[in-house]
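All remarks here apply to the structure that follows.
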Ligand code: AMP
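Numbering (this note's numbering), first residue to last: 1 to 115.
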């Protein structure tokens with residue numbers, strides 16, 4: 001499995017603005033926010049891409065990632081006005097860090113289609 005900057009954040013070797021942590025997942029503020037609320041939710045186990053998900057084996061972790069996104073949307077008070085959840089996959093998908101992460105974006109009106 002590839003080592004990424006997120007592995008170092010999980011091991012607390014690099015500081016991040018953590019907003020939620022359990023035995024299985026970590027959520028922290030994106031260092032280069034694209035919206036007033038921009039949080040990344042990652043599994044602690046190393047899964048490089050959404051296409052590497054092994055279902056149903058990874059079902060529980062995926063479920064916890066989505067449950068955390070919805071909980072954080074409430075905590076950050078963007079649940080009523082809405083928000084966007086994004087998994088970028090691979091280079092055409094715009095993925096830079098090869099450790100599965102869900103972007104939670106909110107606090108502004110999103111555009112469609114994405115660039
Ligand atoms: P992606 O392009 O989908 O792979 O998203 C990677 C995200 O990780 C980008 O939005 C980056 O701003 C974010 N990022 C990279 N390094 C860090 C870091 N040290 N702390 C927080 N977010 C980071």
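Backbone N, C-alpha and C define an ideal beta-carbon position, used for all residues, glycine too.
Every value quoted in this text rests on a predicted model; they were computed, and no experiment measured them.
Apply the 10 Å Cβ neighbour rule to residue 22 and answer buried if 16 or more other Cβ atoms are within range, or exposed otherwise. Exposed.
State the start and end residues of the unbroken alpha helix (DSSP H) segment that holds residue 53. Segment: none, residue 53 is in no alpha helix (DSSP H) and carries neither H nor E.
Using DSSP's beta-bridge definition, name the partner residues of residue 38. 105
Whole-Å CB distance - residue 25 paired with residue 65, under 8 Å assumed: 6 Å
Heavy atom of the ligand AMP less than 7 Å from the Cβ of residue 30, yes or no? yes
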